[in-house]
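One structure is given here, and the rest of the page talks about it.
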Amino acid sequence: MAKDTILNTKNILATLKEYATTHNYDLKSLDFSLLGLQTYIKTCHMETFVKFHEDYKKKYSQASALINDHVRFIQIYKIKLHKKKKSNFELIYRLELGEFSTHPILLIATDSTFPLNEVTASEMLKLLYTECNKIKAQNKMLVNQFSSCLIKDLKAFVSKIYKNGFTNEESILLFEGIDPLISEPSKVINHYKKKGQKVSEVEASDLIITYVKPVYGDAGLNAMGQIISHGTTNNLAKIEYQIDTKNINVQDSKMQIKYYSKSKGFVSTLKNTLSISNKIIVEDIKRVEAKLTKKEENQVSIVISQSDVTRDGIGEGVELVSESVHITGHMGAKASIEAKEVVIDGATHHTSFVTSKSAKINRHKGTLRCHKAEINSLEGGTVYATYVTINAALGGQVCAEHVTIKTIKHNLKVFASKSITIERILGEDNHFVIDYRKLPVIQSKLQYLNQELEDARWKYEDAKKHSQDKLPELKKIVDTKEASIKEIKLSHYDAVITIMAPVDGLNTIEFAIPEKQTSLIYRTKEPKSFEPFSVKQKDDKITLEPVGISIER
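With our numbering as the guide, the letters of the sequence shown map in order to residues 521 to 1073.
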């Protein structure tokens, strides 16, 4: 190799490769020294690159000026080529450029070799600075521009290794560029929309919609002196709705607008207005729409309007929980509804289940548990309630305290604790029973009262020993519990079965007498009118009136 091979180049690595190929050298054996450089600048106001002199340095000392004028830089390096020399100084490193190469970092490995005992800290700083500039030049990074960070980090590094040694990988910031702000289009995120669901229920303070404002970006400048484009954007995605601020809370920030619900309910966009409604109307609900409103704190209702009589308003396997449910169609197989109020204009499937405080059902075939039930046609279904009113019964089972039925045909079982009132019976094989034990609600109440009585008696006995002043109050509680239990257990003596029209065919009237572990049973045979059925205690007899069937007291 010639003693002084000096070249000017914009691409040091390419020059090294070309020289090695031309002169038949091993590229790994070649090295270079950076003798100098010339920086050139070009702006949007210039046709060509010009030398970057002091006036330009002052003018473009601020990032805003660089970006506004779309400044670009190139550097021409003056290098001297030579063979690699053996040295006790060896910098082993790796580069991390980052996404945009605006703040490249040199990571110095711990297996680097530094002659700390042979050179001063000042000399070591010069060695490292020279080597870092070579690395920057070889990787087309601007040298001696925007590089105050390099001097700062190298000084800290040198001070550290001379004081504490070199035990951990160290990072050196090579260049302080300008990060771009990438443009992004606006977008609307509908949080309330769930896959496959027609019903969008929200709680108070739920995030409903986020409008992400468009980002009109800013360009950047990387370590190679190149402008980084910020890209393009648009504001096509917008919130087109009017906002009902009575129940929508709007929070506007620099980057986005968030819309929150003020109350529990359903998201409504009727009449192009974003609002929260306590009632929503849909045609049907399928299984994927599963569960709604687990709490019963607000008056939230859902109307399922299905006009097609061949389709179910509530599909198979749906579990619907709401404050109020109104179905104009039918309930599918294994569907479940839980609500305060339920109205079903169609029919319930025989495997469906309804739980509510009040229920109005047109045709009932499934299972219903509620406080008050109104059924137009009972068609083999089961009802557990406190009050039940039925227009026509075509079979099934009813368990309630009070039952009123207009017309009965065949195969109906009615269990009541207080009253059964029937306008007319048109068929046979119906069974009317007064027996509180057949009512799950009464059994639960009785179990609760027995537990309460047991607790009250324990407190009463304990007060005899320790707090006799509490005895009157506790005795009153015990007496009240005992009276309530007795009232339930002897409720058959106050119960009545009333059949207004003459009874025709075989039907059964039964009053259970639990304390005697038996029942008083009467079976109708020929057409006949009856006074209300009841049980009377007289002398030593318990008698079913008006038919005179008796047992010993």
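Beta carbons: idealized from backbone N, C-alpha and C, even for Gly.
1. Tell me whether Asn-970 sits in a helix, a strand or coil according to DSSP, three-state version.
2. Going along the chain, which residues of its own chain have a beta-carbon closer than 6 Å to the beta-carbon of Ala-913, five neighbours each way excluded?
3. Output the distance between the C-alpha atoms of Lys-1059 and Leu-888, rounded to the nearest integer angstrom.
4. Exposed or buried, Ala-893, counting other C-beta atoms within 10 Å across all chains shown (16 or more means buried)?
5. In the DSSP assignment, find the unbroken alpha helix (DSSP H) run with Asn-684 in it and report its ends.
6. Could you work out which residue in Asp-726, Ile-747, Leu-527 is closest to Phe-593 when comparing CA atoms only?
7. So the candidates are Leu-756, Leu-533, Lys-1048, Ala-724; which of them puts its Cα closest to the Cα of Ile-945?
8. What does Cys-919 pair with, by DSSP beta-bridge criteria?
9. Report the rounded CA-to-CA distance for Ile-997 versus Ser-1004, giving the unit in angstroms.
10. Please identify the residue among Ile-1071, Lys-1061, Asp-955, Trp-978 whose C-alpha is closest to the C-alpha of Pro-1034.
11. Name the two residues that bound the continuous alpha helix (DSSP H) containing Tyr-539.
12. Are there three or more Cβ pairs, one per stretch, closer than 8 Å when the stretch 1050-1057 is compared with the stretch 964-977?
13. Ordered along the chain, which non-local residues of its own chain (more than five positions away) have a Cβ less than 6 Å from that of Ser-1011?
14. Candidates Glu-1030, Leu-647, Thr-941: which alpha carbon is nearest Glu-1065's?
15. Excluding the 5 residues preceding and the 5 following Ile-765 in the sequence, name in chain order all residues of the same chain whose CB lies nearer than 7 Å to its CB.
16. Can you give the Cα-Cα distance for Tyr-712 and Leu-790, rounded to whole angstroms?
17. According to DSSP, is Glu-894 part of a helix, a strand, or is it coil?
18. So, is Gln-917 buried or exposed, given that buried needs 16 or more other C-beta atoms within 10 angstroms?
19. If you draw a straight line from the alpha carbon of Asn-608 to that of Met-644, how long is it in whole angstroms?
20. Could you compute how far the alpha carbon of Ala-920 sits from the alpha carbon of Val-862?
21. Roughly how many angstroms separate the alpha carbons of Asn-684 and Phe-677, rounded to a whole number?
22. Over what stretch of residues does the alpha helix (DSSP H) that includes Tyr-649 continue unbroken?
23. Return the residue from the list Thr-687, Phe-935, Ser-878 that minimises the CA-CA distance to Ser-632.
24. Note down, in chain order, each residue of its chain lying with its Cβ closer than 7 Å to the Cβ of Arg-1026, except the 5 sequence neighbours on either side.
25. So, is Gly-1068 buried or exposed, given that buried needs 16 or more other C-beta atoms within 10 angstroms?
26. Do you know whose CA, among Thr-525, Phe-952, Asp-673, Leu-647, lies nearest Val-1016's CA?
27. I think Pro-624 touches Met-661, with their Cβ atoms under 8 Å apart; what is that distance to the nearest whole Å?
28. Out of curiosity, what's the CA-to-CA distance linking Pro-734 and Ile-763?
29. Quick check on this structure: which residue in Gly-915, Lys-877, Asn-911, His-891 has the alpha carbon closest to the alpha carbon of Ala-905?
30. Going by C-alpha to C-alpha distance, which of Leu-648, Ile-895, Asn-588 sits closest to Leu-627?
31. When the distance is taken between beta carbons, is Thr-622 closer than 9 Å to Phe-695?
32. Taking the continuous alpha helix (DSSP H) assigned at Asn-588, which residues delimit it?
33. Would you please state the rounded distance, in angstroms, between the beta carbons of Thr-568 and Lys-562? I believe it to be under 8 Å.
34. What residue range does the alpha helix (DSSP H) around Ser-1049 cover?
35. Could you round the C-beta distance between Glu-488 and Ala-629 to whole angstroms and report it? I think they count as a contact, below 8 Å.
36. Going by beta-carbon coordinates alone, are Ile-655 and Tyr-597 separated by less than 9 Å?
Looking at the atomic coordinates:
1. Looking up residue 970 in the sequence shown gives position 450. Helix at Asn-970.
2. Taking the sequence shown and counting its residues from 1, one reaches residue 913 at position 393. Excluding sequence neighbours, Ala-913 sits near Leu-898, Ile-925, Ile-928, Leu-932.
3. The count along the sequence shown starts at 1 and reaches residue 1059 at position 539. The count along the sequence shown starts at 1 and reaches residue 888 at position 368. For the record, residue 1059 in the displayed sequence is Asp; it is not Lys. The C-alpha of Asp-1059 lies about 42 Å from the C-alpha of Leu-888.
4. The residue you call residue 893 lines up with position 373 of the sequence shown. By the Cβ-count criterion, Ala-893 is buried, with 16 or more other Cβ atoms from all chains shown falling within 10 Å of its own Cβ.
5. As a first step, residue 684 is located in the sequence shown; it is residue number 164 there, counting from the start. Note, Asn-684: alpha helix (DSSP H), 668-684.
6. As a first step, residue 593 must be located in the sequence shown, where it is residue number 73. Of the candidates Asp-726, Ile-747, Leu-527, the one whose C-alpha sits nearest the C-alpha of Phe-593 is Ile-747.
7. As a working note, residue 945 is residue 425 in the sequence shown. Per the Cα distances, Lys-1048.
8. Translated into positions along the sequence shown, residue 919 becomes position 399. Cys-919 is bridged by DSSP to Tyr-904, Phe-935.
9. Taking the first residue of the sequence shown as 1, we reach residue 997 at position 477. Taking the first residue of the sequence shown as 1, we reach residue 1004 at position 484. When rounded, the distance between both Cα atoms is 11 Å.
10. Taking the sequence shown and counting its residues from 1, the one referred to as residue 1034 is at position 514. Ranked by Cα distance from Pro-1034, the first of Ile-1071, Lys-1061, Asp-955, Trp-978 is Asp-955.
11. Locating residue 539 in the sequence shown gives position 19, counting from the first residue. Note, Tyr-539: alpha helix (DSSP H), 532-542.
12. Remark: fewer than three beta-carbon pairs, one from each stretch, lie closer than 8 Å, so the stretch 1050-1057 and the stretch 964-977 are not flagged as touching.
13. Here residue 1011 refers to the residue found at position 491 of the sequence shown. Only Ser-937, Tyr-956 meet the Cβ criterion.
14. Position 545 of the sequence shown, counted from the first residue, corresponds to residue 1065. Taking Glu-1065 as reference, the option from Glu-1030, Leu-647, Thr-941 with the minimal CA-CA separation is Glu-1030.
15. Mapped onto the sequence shown, residue 765 falls at position 245. At residue 765 the sequence reads Thr, which differs from the Ile that was named. Shown here for Thr-765: not one same chain residue has a beta carbon closer than 7 Å to its own, the five before and five after excluded.
16. Within the sequence shown, numbered from 1, the residue matching residue 712 stands at position 192. Within the sequence shown, numbered from 1, the residue matching residue 790 stands at position 270. Roughly 15 Å separates the two Cα atoms.
17. Along the sequence shown, read from residue 1 onward, the residue named residue 894 stands at position 374. Correct three-state label for Glu-894: strand.
18. Working through the sequence shown from its first residue, we reach residue 917 at position 397. Classification of Gln-917: buried, given that the 10 Å Cβ count is 16 or more.
19. Numbered from 1 along the sequence shown, position 88 holds the residue referred to as residue 608. Numbered from 1 along the sequence shown, position 124 holds the residue referred to as residue 644. Spanning the alpha carbons of Asn-608 and Met-644 requires a straight line of approximately 12 Å.
20. Counting from one through the sequence shown, the residue named residue 920 turns up at place 400. Counting from one through the sequence shown, the residue named residue 862 turns up at place 342. If I take the Cα positions, the gap works out to 18 Å.
21. Locating residue 684 in the sequence shown gives position 164, where the first residue counts as 1. Locating residue 677 in the sequence shown gives position 157, where the first residue counts as 1. Cα to Cα, the separation comes out at about 10 Å.
22. Here residue 649 corresponds to residue number 129 of the sequence shown, with the count starting at 1. Membership of Tyr-649 in the alpha helix (DSSP H) is indicated by the continuous run 641-658.
23. Position 112 of the sequence shown holds residue 632. Looking only at Thr-687, Phe-935, Ser-878, the smallest Cα-Cα distance to Ser-632 is reached by Thr-687.
24. Numbered from 1 along the sequence shown, position 506 holds the residue referred to as residue 1026. Checking the displayed sequence, the identity of residue 1026 turns out to be Leu instead of Arg. Cβ neighbours of Leu-1026 within its own chain (closer than 7 Å, five residues either side excluded): Glu-948, Asp-949, Arg-1043, Thr-1044, Lys-1045.
25. What you label residue 1068 is simply residue 548 of the sequence shown in a count that begins at 1. The residue is exposed, with fewer than 16 neighbouring Cβ atoms inside 10 Å.
26. Counted from its first residue, the sequence shown places residue 1016 at position 496. Answer by Cα proximity: Phe-952.
27. Along the sequence shown, read from residue 1 onward, the residue named residue 624 stands at position 104. Along the sequence shown, read from residue 1 onward, the residue named residue 661 stands at position 141. Right, their Cβ atoms sit about 7 Å apart.
28. The residue you call residue 734 lines up with position 214 of the sequence shown. The residue you call residue 763 lines up with position 243 of the sequence shown. Rounded to whole angstroms, Pro-734 to Ile-763 spans 20 Å at the Cα level.
29. Residue numbering aside, residue 905 sits at position 385 when the sequence shown is read from its first letter. Ranking Gly-915, Lys-877, Asn-911, His-891 by Cα distance to Ala-905 puts His-891 first.
30. The count along the sequence shown starts at 1 and reaches residue 627 at position 107. Closest by alpha carbon: Leu-648.
31. Working through the sequence shown from its first residue, we reach residue 695 at position 175. Working through the sequence shown from its first residue, we reach residue 622 at position 102. With a cutoff of 9 Å on beta-carbon distance, Phe-695 and Thr-622 are scored as near each other.
32. The residue you call residue 588 lines up with position 68 of the sequence shown. Where Asn-588 is concerned, the enclosing alpha helix (DSSP H) starts and stops at 583-588.
33. On the sequence shown, residue 568 is found 48 positions in, with the first residue counted as 1. On the sequence shown, residue 562 is found 42 positions in, with the first residue counted as 1. Sure, about 7 Å apart at Cβ, within 8 Å.
34. The sequence position of residue 1049 within the sequence shown is 529, counting from 1. Careful: Ser-1049 lies outside any alpha helix (DSSP H) and carries neither H nor E.
35. With the chain running from 521 to 1073 in the structure shown, residue 488 is simply not present.
36. Residue mapping note: residue 655 aligns to position 135 of the sequence shown, counting from 1. Residue mapping note: residue 597 aligns to position 77 of the sequence shown, counting from 1. Going by C-beta atoms, Ile-655 is not nearer than 9 Å to Tyr-597.
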